[in-house]
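Sequential numbering of the sequence shown, starting at 1, is according to UniProt numbering.
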Amino acid sequence: MSLNGLGEPSGTQQPPTLFPVPEPVPPRPSRRRVPRPPEASGDSADSGAGTGDPGAGAAGADSGGGPTSVRAPARSQPVDVDEAGRQLVFFGAETVEPTVADLAGLLAGPGEVVRMGGTARLSMVVDAPWRVHVLVAELAQRGIAASWEPTEDERHAVRTSYTRMLKPLAVAWLRGATKRPPAGFHLNGRRLRLWLAAAGEVDLPGCRLSLGAADQECWDAVGRALAAVGLAGELLDPAAGGPAYLITGRTRLRRLAELVGERPPTAPPPTWP
């Protein structure tokens, strides 16, 4: 079944009750540059210069009839903040625009990519309807159509269409038919957000990020990428609920929450850090 960017069917067929139509995503508040105010000063020349009027400081300097040096105003330090006044995290999901390269976050988890000629297709199996909505919407933001279908084990297979847009991702990640992270692979907020949406589980006091069961050659590189962004985790084997990386500790979980950004509207509150 094809879905549009809101997770709704593209035709007239209504979604099953398992897939309630999500509320529209509210527009993200735009960030603004908030300069720190210059230090207060009683010097009338500095006050004039701080107004941005190039003639104000000069007038104050000439009023005494003699040459007077004018101090440059203190340089303000702009800080990126959102509308709530919260400072944005460097590399966080809210600080960059979505790109196709972000889909590497799905491949860090259980996502798969295959090539066909000059095109490629991305697919993954998820365990909850809300994940389908989030992933289809995220893919649509990047101009990639996706569809879903139920699996025999009561999960949901999400797959994109074959597209040239995904070929660079497939070339970077495939060695023959084997998935392997490319040299220099790294994680950021956008990639972690996709990984969490597809295969993350908040299981306090930690968060598990599932891996592909047949992707052993990826696990070490993915673990190093997690550690590089302050999210060093414990590799769990299948007997312990894996394969997955378990991220624990108040500082790391707060860091994860900052990186992945706000909870998607369709995600139940307990599923997001």
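No residue lacks a Cβ here, since even glycine has one placed at the ideal position from N, Cα and C.
Nearest to PRO273 by C-alpha distance, out of GLY200, ALA221, GLU149 and VAL171, is GLY200. In the three-state scheme derived from DSSP, where H, G and I count as helix and E and B as strand, ASP102 is classed as helix.
Selection GLY242, ASN188 and ALA197 evaluated against VAL132 yields ALA197 as nearest (Cα-Cα).
The residues LEU246, ILE247 and THR248, in chain order, have a CB closer than 7 Å to that of GLY206 in the same chain once the five nearest residues on each side in sequence are set aside.
With fewer than 16 other Cβ atoms inside 10 Å of its own Cβ, ALA239 counts as exposed.
Per DSSP, ILE144 has no beta-bridge partner at all. Counted as a single uninterrupted DSSP element, the beta strand (DSSP E) harbouring THR248 occupies residues 244–248. Excluding its 5 nearest sequence neighbours in each direction, ALA244 has C-beta neighbours in its own chain below 7 Å: ARG208, LEU209, SER210, LEU211 and LEU236, listed in chain order. In the same chain as ARG180, and ignoring 5 residues on each side of it, the C-beta atoms closer than 8 Å to its own belong to TRP173, LEU174, GLU217, CYS218 and ALA221, in chain order. Counting other Cβ atoms within 10 Å of its Cβ, GLY105 reaches 16 or more and is therefore classed as buried. A Cβ-Cβ contact shorter than 8 Å links PRO264 with VAL134. Bridge pairing for SER210: ALA244 [DSSP].
Under a 10 Å Cβ-count criterion, ALA177 is classified as exposed, with fewer than 16 other Cβ atoms of the shown protein chains found around its own Cβ. Residue environment: GLU138 is assigned as buried (16 or more neighbouring CB atoms within 10 Å of its CB, all protein chains considered). Counting C-beta pairs with one atom in each stretch, the segment 114–123 and the segment 156–165 have three or more that are closer than 8 Å, which means they touch. Non-local beta-carbon contacts of PRO98 in its own chain, meaning distances under 8 Å to residues more than five positions away in sequence, involve GLU138, GLN141, ARG142 and ARG190 in chain order. Around the CB of THR251, fewer than 16 other CB atoms lie within 10 Å, so the residue is classed as exposed.
For ALA257, same chain residues with a beta-carbon under 7 Å away, outside a window of 5 residues either side, are PRO273 in chain order. Within its own chain, the residues whose Cβ lies closer than 6 Å to the Cβ of GLY242, once the five positions on either side in sequence are excluded, are LEU236, listed in chain order.
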